[in-house]
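**Q**
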Amino acid sequence: MKVVNTINEVRETVKAWRKQGLTVGLVPTMGYLHEGHASLIARASKENDRVVVSDFVNPIQFAPNEDLASYPRDIDRDAKVCEENGADIIFHPTPEEMYHKDFSTFVNITGPSEELCGKSRPIHFRGVCTVVSKLFLIVSPDRAYFGQKDAQQLAVIKRMVRDLNFDIEIVGCPIIREADGLAKSSRNTYLSPEERKAAVILHKALEKGKELVLNGEKSAKVIIDTVTQVINSEPLAIIDYVQVVDFPNIKVVEDINGDILTAVAVYIGKTRLIDNFIIENGKEK
Ligand code: PAF
């Protein structure tokens with residue numbers, strides 16, 4: 002397992018693999034890897050001959066008031082996680098390697114990027130789609146792996162791949178949770194012990210919402226009100242949004258008829274956490 006810092010070296014390595022007829026999986030990450038990332042890497046390694054993990058805190062998906070500077074970073078720890086889960090190389094570029102000083106080309110997606118996190122973080126998905134397109138062009142993988150915790154991101158990437166004809170299979174993977182239900186996230190490391198306890202409210206609230214949907218509730222408002230009420234019972238929680246949208250189009254719905262995503266973004270102290278559930282064909286995905 003090797004850490005590679007330049008675009009050229011990744012390209013040369015992948016070219017050599019391709020000459021041998023090997024398939025390539027890509028796991029795009031911002032590093033500080035946890036069990037959620039490990040599950041993506043392990044799956045990629047099962048389904049491909051070679052695996053590239055990108056480990057890059059992408060500055061253009063953060064607004065100036067967000068946590069770019071404090072985002073946790075530990076490449077040595079990440080290298081261990083990658084090695085243990087079957088990755089072949091970590092692509093760990095500098096921002097200068099990825100973005101020329103007068104970089105001016107962006108991938109701007111409308112549609113599924115407009116609700117939920119797209120409302121709270123207006124430049125976020127432009128930054129994500131731009132860096133993911135660059136990674137796709139640098140690595141040329143057969144498959145790329147994304148977690149369902151970022152369900153909107155998964156829908157956005159699938160739409161982008163369809164619209165721009167990237168010849169890459171996008172594989173969505175289940176949310177990995179702590180024992181008490183909190184979704185694994187690199188941002189969980191920001192939480193104080195008291196906040197960590199409070200953070201479980203996202204999962205508790207979504208479980209309540211999910212139970213209603215699975216028992217046949219058809220009103221999005223009832224789901225939103227119930228989830229909101231549970232989250233508001235936790236004094237440390239401040240809601241950014243609670244929303245029900247159709248999946249994968251990410252359009253707000255009033256009545257639950259087809260597949261839906263119920264998503265929340267909640268501040269616990271200064272830390273913004275997201276979580277969700279998807280109901281597809283009447284069952285949890
Ligand atoms: O999900 C993430 O960690 C990031 O948004 C991604 C896809 C690696 C792009 O920077």
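Heads up: the sequence shown is residues 2 to 286, going by the working numbering.
Backbone N, C-alpha and C fix where the C-beta goes; we use that ideal spot for every residue, glycine too.
(1) Would Ile279 and Lys286 qualify as a contact pair, given that the criterion is a beta-carbon distance under 8 Å?
(2) Looking at Met31 and the ligand PAF, is the gap between the Cβ and the nearest heavy atom below 7 Å?
(3) Tell me whether Pro175 is buried or exposed, calling it buried when 16 or more other Cβ atoms sit within 10 Å of its Cβ.
(4) Which residues in the same chain as Asn282 place their Cβ atom closer than 8 Å to its Cβ, once the five residues preceding and following it in sequence are excluded?
(5) Determine the closest residue to Gly128 out of Phe63, Glu255 and Met2, with distance taken between C-alpha atoms.
(6) What is the DSSP secondary structure of Ile169, counted as helix, strand or coil?
(7) For the ligand PAF, I want to know if Val129 counts as a neighbour, meaning its beta carbon is within less than 7 Å of at least one of the ligand's heavy atoms.
(8) Got a sec? Which residues, its chain only, sit under 7 Å from Asn49 by beta carbon, not counting five neighbours each side?
(9) Quick one: what's Phe147 bridged to in DSSP?
(10) Which runs of the beta strand (DSSP E) spanning at least 3 residues fall entirely within the stretch 19-54, listed in chain order?
(11) Can you determine whether any heavy atom of the ligand PAF sits closer than 7 Å to the C-beta of Gln154, and answer yes or no?
(12) Spatial neighbours of Lys120 within its chain, please: C-beta separation below 8 Å, excluding the five flanking residues on both sides.
(13) Under 8 Å by Cβ, that's how I've got Leu213 and Thr227 pegged, so tell me the actual separation to the nearest angstrom.
(14) Would you grab the beta carbon distance between Val108 and Met161 for me? Rounded to a whole angstrom, and I think it's under 8 Å.
(15) In the structure shown, what three-state DSSP assignment does Thr1 receive?
(16) Are there 16 or more other CB atoms within 10 angstroms of the CB of Gln149, so buried, or fewer, so exposed?
(17) Could you check the C-alpha separation between Cys118 and Pro96 for me, to the nearest Å?
(18) Which residue marks the beginning of the alpha helix (DSSP H) containing Lys1, and which one marks its end?
(19) Alpha carbon to alpha carbon, how far is His93 from Val4?
(20) Apart from the five residues on each side of it in sequence, which residues of its chain come closer than 6 Å, Cβ to Cβ, to Ser134?
(21) Within the continuous beta strand (DSSP E) that includes Phe126, where are the two ends?
(22) Note down the Cα distance separating Ile8 from Val58, rounded to an integer number of angstroms.
(23) At a cut-off of 7 Å, is Val133 close to the ligand PAF when judged by its beta-carbon and the heavy atoms of the ligand?
(24) First and last residue of the beta strand (DSSP E) that includes Asp89?
(25) Just to check my reading of the structure: Val265 and Leu203 have Cβ atoms closer than 8 Å, yes? What is that Cβ distance to the nearest angstrom?
(26) Please report the straight-line C-alpha distance between Met2 and Lys222, rounded to a whole angstrom.
(27) Please tell me whether, using a cut-off of 7 Å, the distance from the CB of Asn258 to the nearest non-hydrogen atom of the ligand PAF is below it.
(28) Based on Cα-Cα distance, which residue from Arg78, Asp56, Ile110 and Ile76 lies nearest to Leu155?
(29) What is the residue span of the beta strand (DSSP E) that Lys3 lies within?
**A** According to the data block:
(1) Within the sequence shown, the letter at position 278 stands for residue 279. Within the sequence shown, the letter at position 285 stands for residue 286. Their beta carbons are under 8 Å apart, which means Ile279 touches Lys286 by this criterion.
(2) As a first step, residue 31 is located in the sequence shown; it is residue number 30 there, counting from the start. Answer for Met31: yes, Cβ within range of the ligand PAF.
(3) The residue labelled residue 175 in the question sits at position 174 within the sequence shown. Answer is exposed; the Cβ neighbour count stays below 16.
(4) As a working mapping, residue 282 is identified with position 281 in the sequence shown. Counting only Cβ-Cβ distances below 8 Å, and skipping sequence neighbours, we find Asp260.
(5) One-based indexing of the sequence shown puts residue 128 at position 127. Ranking the options by Cα distance to Gly128, first place goes to Phe63.
(6) The residue you call residue 169 lines up with position 168 of the sequence shown. Three-state result, Ile169: coil.
(7) Against the sequence shown, residue 129 aligns to sequence position 128. It does: the Cβ of Val129 is within 7 Å (strictly closer) of some heavy atom of the ligand PAF.
(8) Along the sequence shown, one-based indexing puts residue 49 at 48. Within the same chain, Asn49 has close Cβ partners Thr24, Val25, Gly26, Asp143 and Arg144.
(9) To locate residue 147, count along the sequence shown from 1; it is residue 146. Per DSSP, Gly173.
(10) 25-30, all fully within the stretch 19-54.
(11) In the sequence shown, counting from the first residue as 1, residue 154 sits at position 153. Result yes, Cβ under 7 Å from the ligand PAF.
(12) Taking the sequence shown and counting its residues from 1, one reaches residue 120 at position 119. Excluding positions up to five away in sequence, the list reads Tyr242.
(13) Working through the sequence shown from its first residue, we reach residue 213 at position 212. Working through the sequence shown from its first residue, we reach residue 227 at position 226. That pair is a contact at about 6 Å.
(14) Within the sequence shown, residue 108 is the residue found at index 107, counting from 1. Within the sequence shown, residue 161 is the residue found at index 160, counting from 1. Yes, they are in contact, since the Cβ atoms of Val108 and Met161 sit about 7 Å apart, within 8 Å.
(15) Nothing can be reported for residue 1: it is not among the residues displayed for the chain, which extend from 2 to 286.
(16) As a working mapping, residue 149 is identified with position 148 in the sequence shown. Its Cβ being crowded by 16 or more others within 10 Å, Gln149 is buried.
(17) Position 117 of the sequence shown, counted from the start, is the residue given in the question as residue 118. Position 95 of the sequence shown, counted from the start, is the residue given in the question as residue 96. Between Cys118 and Pro96, the C-alpha separation is close to 24 Å.
(18) What is shown of the chain runs 2 to 286, which leaves residue 1 out entirely.
(19) Residue 93 sits at position 92 when you count from the first residue of the sequence shown. Residue 4 sits at position 3 when you count from the first residue of the sequence shown. Using only the alpha carbons, I get a separation of about 7 Å.
(20) Residue 134 sits at position 133 when you count from the first residue of the sequence shown. Closer than 6 Å at Cβ, skipping near neighbours: Val108.
(21) The sequence position of residue 126 within the sequence shown is 125, counting from 1. Here Phe126 belongs to no beta strand (DSSP E); instead the alpha helix (DSSP H) covers His125 to Val140.
(22) Start at 1 with the first residue of the sequence shown, and residue 8 comes out as number 7. Start at 1 with the first residue of the sequence shown, and residue 58 comes out as number 57. Each residue's Cα considered, the two are about 16 Å apart.
(23) Taking the first residue of the sequence shown as 1, we reach residue 133 at position 132. Yes, Cβ of Val133 sits closer than 7 Å to a heavy atom of the ligand PAF.
(24) Counted from its first residue, the sequence shown places residue 89 at position 88. That residue, Asp89, is in no beta strand (DSSP E); it is neither H nor E in DSSP.
(25) Indexing the sequence shown from 1 puts residue 265 at position 264. Indexing the sequence shown from 1 puts residue 203 at position 202. Their Cβ separation, rounded to whole angstroms, is 6 Å, which keeps Val265 and Leu203 in contact under 8 Å.
(26) Residue mapping note: residue 2 aligns to position 1 of the sequence shown, counting from 1. Residue mapping note: residue 222 aligns to position 221 of the sequence shown, counting from 1. Whole-angstrom Cα-Cα distance: 49 Å.
(27) Numbered from 1 along the sequence shown, position 257 holds the residue referred to as residue 258. Not so, every heavy atom of the ligand PAF lies at least 7 Å from the Cβ.
(28) As a position in the sequence shown, residue 155 is number 154, starting the count at 1. The shortest C-alpha separation from Leu155 is found at Ile110.
(29) Indexing the sequence shown from 1 puts residue 3 at position 2. Looking at the DSSP string, the run of the beta strand (DSSP E) that includes Lys3 is Lys3 to Val5.
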